[in-house]
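So the sequence shown is numbered by our numbering: it starts at 90 and just counts up by one. Here a beta-carbon is modelled for each residue, glycine too, at the ideal position from N, C-alpha and C. Here's the structure we're looking at; comments come further down.
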Amino acid sequence: MSSQVNEGRVIRMNEELKTITKIIQETTKHDVLDKYIVRPKIDEDKILVLLSMFRENNTYKNIDKYIASILIIQMALEIHDTIAIQQLDEPRHVKAQQLTVLAGDFYSAQYYSLLAELEDFKMVSYLSEAIQQQNERKTEAFNENLGYDRLFGLLQDIETIILTKIAQVLGLSHWIVPLKRFFSFKRILTEKQKVLEGKTSGLLKPFFSNDSNRKAGFVKAADSVLKKLSLNMVEDQDKSPSVFMNLCENSSSVKKALCEFGNKRKAEEGLT
Numbered sequence: 090m091s092s093q094v095n096e097g098r099v100i101r102m103n104e105e106l107k108t109i110t111k112i113i114q115e116t117t118k119h120d121v122l123d124k125y126i127v128r129p130k131i132d133e134d135k136i137l138v139l140l141s142m143f144r145e146n147n148t149y150k151n152i153d154k155y156i157a158s159i160l161i162i163q164m165a166l167e168i169h170d171t172i173a174i175q176q177l178d179e180p181r182h183v184k185a186q187q188l189t190v191l192a193g194d195f196y197s198a199q200y201y202s203l204l205a206e207l208e209d210f211k212m213v214s215y216l217s218e219a220i221q222q223q224n225e226r227k228t229e230a231f232n233e234n235l236g237y238d239r240l241f242g243l244l245q246d247i248e249t250i251i252l253t254k255i256a257q258v259l260g261l262s263h264w265i266v267p268l269k270r271f272f273s274f275k276r277i278l279t280e281k282q283k284v285l286e287g288k289t290s291g292l293l294k295p296f297f298s299n300d301s302n303r304k305a306g307f308v309k310a311a312d313s314v315l316k317k318l319s320l321n322m323v324e325d326q327d328k329s330p331s332v333f334m335n336l337c338e339n340s341s342s343v344k345k346a347l348c349e350f351g352n353k354r355k356a357e358e359g360l361t
């Protein structure tokens with residue numbers, strides 16, 4: 090019976106995921122902007138975590154619109170992160186920059202529009218506070234003299250501060266640690282992979298701007314943080330909401346990395 094209940098829950102979650110994804114796609118669709126900018130990828134892991142959180146709280150209606158609005162504002166912030174900080178000379182680059190700014194503003198407007206439909210002005214206030222805190226962390230991150238410890242601390246805050254605020258608003262303090270670990274792991278893993286491929290996210294460009302040798306140090310420091318996070322995630326998996334175990338199992342990159350760090354730890358302890 091329990092397996093049937095779990096299967097039904099998974100089917101319902103997948104249907105809700107599709108509904109929310111559709112709302113995001115339709116709400117952010119813009120015929121002109123979509124020709125010139127790359128639409129940010131919708132983070133389905135965040136949707137599934139938010140779904141589970143709102144379901145556990147069980148006091149909100151129209152949670153699909155709440156979750157869509159949260160994802161849209163994060164996408165707006167992501168778009169703004171791609172705006173170049175250096176002076177642009179070529180007209181085509183200036184135009185692309187202007188359209189990127191407009192796209193970020195358009196996404197922000199759609200976020201406010203969705204929340205206005207819900208008439209939940211307290212949630213607007215809570216999210217505005219989280220967005221301000223995230224922007225403060227981003228401002229600090231635009232510093233080429235940051236040490237690795239502070240840099241990774243800022244990355245973790247930037248990736249999770251909005252989700253943490255939602256957990257607090259919903260009265261789900263026991264969600265905060267596992268969601269911080271999972272999404273920090275995922276973000277740092279992504280940043281590390283970009284560096285290995287010779288790329289750099291807009292947020293980290295100042296950090297690498299004057300010292301290309303920092304990339305090897307960054308990868309080594311990232312591995313150290315990822316190893317610690319993976320150990321914590323595995324040790325506390327029985328205490329964490331089940332959605333995080335499902336996400337780890339279903340994300341090939343996260344699952345692969347967790348296995349690699351797990352095997353390294355066993356080798357170091359002489360368990361293999």
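Return the first residue and the last residue of the alpha helix (DSSP H) that residue i is part of.
| i | result |
| --- | --- |
| V258 | Y237 to V258 |
| S340 | Here S340 belongs to no alpha helix (DSSP H), and DSSP marks it neither H nor E. |
| V314 | R303 to E324 |
| V266 | I265 to L285 |
| S214 | F210 to A230 |
| P295 | K294 to F297 |
Out of the options, point me to the one whose CA is closest to residue i's CA.
| i | options | result |
| --- | --- | --- |
| F231 | E133, I161 and G291 | G291 |
| L166 | F272, V308 and S197 | S197 |
| F195 | T228, R128, E145 and Q245 | R128 |
| K298 | M212, E233, S319 and I250 | It is worth fixing the name first, because residue 298 is Ser in this sequence and not Lys. It is E233. |
| N339 | P295, Y155, E324 and F271 | F271 |
| K130 | M164, S158 and A256 | M164 |
| G306 | L122, K269, G236 and L188 | G236 |
| L106 | L160, V121 and D123 | L160 |
| K242 | L139, A311, S141 and E324 | Rather than Lys, the amino acid found at residue 242 in this sequence is Gly. Among L139, A311, S141 and E324, the Cα nearest to that of G242 belongs to A311. |
| P295 | I172, L278 and K135 | I172 |
| D132 | R144, Q223, A157 and D120 | A157 |
| T253 | A219, L318, N224 and E229 | A219 |
| L320 | C348, L293 and K309 | C348 |
| K135 | K124, K211, D153 and T148 | D153 |
| F350 | Y200, L315 and Q326 | L315 |
| F333 | L140, I112, Y125 and T108 | L140 |
| I168 | Y149, G193, R144 and F210 | G193 |
| I255 | M102, N146, L244 and T289 | N146 |
| N151 | K184, E208, Y215 and Q186 | E208 |
| K317 | E229, D238 and R303 | D238 |
| P267 | H119, L278, T110 and V323 | V323 |
| Y200 | M212, I162 and K184 | I162 |
So, is residue i buried or exposed, given that buried needs 16 or more other C-beta atoms within 10 angstroms?
| i | result |
| --- | --- |
| Q221 | exposed |
| V190 | exposed |
| C337 | buried |
| I100 | exposed |
| L137 | buried |
| T249 | buried |
| M90 | Any answer about M90 is weak, because its pLDDT of 42 lies below 50 and its placement is not dependable; what the coordinates show is given next. Its Cβ having fewer than 16 others within 10 Å, M90 is exposed. |
| S313 | exposed |
| G287 | exposed |
| A205 | exposed |
| S342 | exposed |
| S331 | exposed |
| G260 | exposed |
| V121 | exposed |
| E280 | buried |
| T117 | buried |
| Q114 | exposed |
| L285 | exposed |
| K269 | buried |
| K124 | exposed |
| F143 | buried |
| F274 | buried |
| Q187 | exposed |
Problem set entry | alpha helix (DSSP H) segments (min. 4 residues) lying fully within the region 126-184 | 133-146 and 152-170
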